[in-house]
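What follows is a short report on a single structure.
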Amino acid sequence: MRKGLIYDRWVVEDSGPPLSGQPRAAVFHIHPVIAEILHRRGITTEDEYRRFVAPSIADLHDPAGIHGIGAACERIERAVRDKETILIYGDYDVDGVTSIVLLQTVLRDGYGLKLEVLERVLAERDVRLVITVDCGITSVEPVRRAIDLGIDVIITDHHLPPGVLPDAAAVLNPKQPGCAYPFKELAGVGVAFKLCCELIRRAGKNISTESLLKIAAIGTVADVAPLIGENRTIAWLGL
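Remember, this note's numbering sits 275 above the position in the sequence shown when you count from 1.
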């Protein structure tokens, strides 16, 4: 029996007249073939081309649009004001670690908010506030346990939310129902970055957002988040 390679037939979609992206090539100094590829990928207006070819920090959406961010900031500000101990809990992958770095602490103890880890840490320290980064959206029972112990929990995550969300003081996740934030594909570090930006804005501190972008870019790329929209802007500016 003869054996050989079997090749799939290519099906080329009719995406409109050829060379329809060429007018943008001269404007943005890119090769006509690149301009055509972008056009056939749905990038058709001049503003869309500019955002893709030369993103700027002004292209980032207002973090205040993330549902729950106001409540999260208020609780964090109260913790800082009252000198409460804050536990920042994150996954041990690059997305999680860079999220933690953005919030000044590193704690690596596995994926998800684990009840046994939470109870161990809380027994050792007088923690009054737990902030999760890149995890926690499904941690209904651990959050309930924390509340029983008199501890508030703020969840920042980007994974798909379950039908029932944890009863946290605030839940920051662009994918959660009722969140009008326009970009839904942020990595975990992207959500943490947004929280940091809003805290900085509210405090009126002179901290460069651009310096935080370097950390956010590493986590975004390492988590293989789609490099479109804000993710591309974060990666472009940070790297």
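For every residue, glycine included, the Cβ atom is placed at its ideal position computed from N, Cα and C.
By the neighbour-count criterion, in which a residue is buried when 16 or more other Cβ atoms sit within 10 angstroms of its Cβ, Pro437 is exposed. Beta-bridge partners assigned by DSSP to Thr320: none are found. Going by DSSP, Thr484 is part of the alpha helix (DSSP H) stretching over 484-497. Boundaries cannot be given for Ala329, as no alpha helix (DSSP H) includes it and DSSP labels it neither H nor E.
Under DSSP, Tyr364 takes part in a beta bridge, and its partners are Thr407. Within the segment 387-466, the complete alpha helix (DSSP H) runs of at least 4 residues fall at 390-399, 415-423. Setting aside the 5 residues that flank it on each side, Lys389 is surrounded in the same chain by Pro417, each with a C-beta closer than 8 Å to its C-beta; the list follows chain order. Closest option to Ala492, judged by alpha-carbon separation, among Ala478, Gly463, Gly479, Val415: Gly463. A straight line joining the alpha-carbon of Lys480 with that of Glu323 spans about 32 Å.
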